[in-house]
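Q: Mind looking over this structure? Questions follow.
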Amino acid sequence: MRIETVGYDHPDSQRLVEALQQEYVERYGEEDLTPVDPAEFSRPRGLFLLGYLGEEAVASGGWRARETGEEGLRDGDAELKRMYVVPAQRGNGWSRRMLAELEFTAALAGCKRLVLETGTKQPEAIGLYLSCGYEPIENFGVYRCEPDSRCYGKEL
Numbered sequence: 195m196r197i198e199t200v201g202y203d204h205p206d207s208q209r210l211v212e213a214l215q216q217e218y219v220e221r222y223g224e225e226d227l228t229p230v231d232p233a234e235f236s237r238p239r240g241l242f243l244l245g246y247l248g249e250e251a252v253a254s255g256g257w258r259a260r261e262t263g264e265e266g267l268r269d270g271d272a273e274l275k276r277m278y279v280v281p282a283q284r285g286n287g288w289s290r291r292m293l294a295e296l297e298f299t300a301a302l303a304g305c306k307r308l309v310l311e312t313g314t315k316q317p318e319a320i321g322l323y324l325s326c327g328y329e330p331i332e333n334f335g336v337y338r339c340e341p342d343s344r345c346y347g348k349e350l
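In structure tokens, the structure reads:
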């Protein structure tokens, strides 16, 4: 898989984000309501990546620096968002490869910790993050009070 830096608003990014949002609808009954500004995923305070097989985008993921002051977050945090692999390509290690690249680029940008929010209806995501060294942290964000919400972090 070839990983490229693109804009969050790139047509391939939008196609994968829409597919991910549809998966949220299927699993949780609604899209992810977390506010997202595409500009947050631009250097130096963010990044959005796509994974390609040939000319087809099959994986996505990004990080955005977070401001302190929000409950559960601290100086140096960056939040992972929109991690996704198309269903036909799952099980090939692409999510692990994308996650490693996101960690690497966030560390290069000076981020100290990556944090993320996921949910209990995404056990494969939880398994990925735990197997890659992420640990439970205090819930943050739009879903911090939801019983199905799970937040994780990893020091970089």
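The numbering of the sequence shown is our numbering, which starts it at 195 and goes up by one. For glycine and all other residues, C-beta sits at the position ideal for the given N, C-alpha and C. Quick caveat: nothing in here was measured; it's all calculated off a predicted structure.
(1) Please report the distance separating the alpha-carbon of R260 from that of G223.
(2) Quick check: what's the CA-CA separation for L243 versus G256?
(3) Out of C345, P341 and L274, which has the shortest C-alpha to C-alpha gap to F334?
(4) Quick one: using the 10 Å Cβ neighbour count with 16 as the cut-off for buried, is C305 buried or exposed?
(5) How close, in whole Å, do the beta carbons of L350 and L308 come, if the pair is a contact with beta carbons under 8 angstroms?
(6) Return the residue from the list E318, R284, P281 and M277 that minimises the CA-CA distance to E295.
(7) Check whether the stretch 281-298 touches the stretch 222-240, taking contact to mean three or more Cβ pairs, one atom from each stretch, closer than 8 angstroms.
(8) Assuming D342 and G313 are in contact, meaning their beta carbons sit under 8 angstroms apart, how far apart are those beta carbons, in whole angstroms?
(9) Indicate whether A251 and S289 have their beta-carbon atoms separated by less than 9 angstroms.
(10) Leaving out five residues before and five after R209 in sequence, what residues of the same chain have Cβ atoms less than 8 angstroms from its Cβ?
(11) What would DSSP say about A303, mapped onto helix, strand or coil?
(12) Taking the DSSP output, what are the residues bridged to F235?
(13) Less than 9 angstroms between the C-beta atoms of Q283 and L247, yes or no?
(14) Starting from L243, trace the beta strand (DSSP E) both ways and give me its first and last residue.
(15) Name the residue from G240, Q216 and V219 whose alpha carbon lies nearest to the alpha carbon of Y202.
(16) Measure from the alpha carbon of V280 to the alpha carbon of each residue in V219, I331, S325 and G245, then state which is nearest.
A: Once the coordinates are examined:
(1) 27 angstroms
(2) 6 angstroms
(3) C345
(4) buried
(5) 6 angstroms
(6) M277
(7) no
(8) 5 angstroms
(9) no
(10) A251
(11) coil
(12) Answer is none; F235 lacks a bridge partner.
(13) yes
(14) G240 to L247
(15) G240
(16) G245
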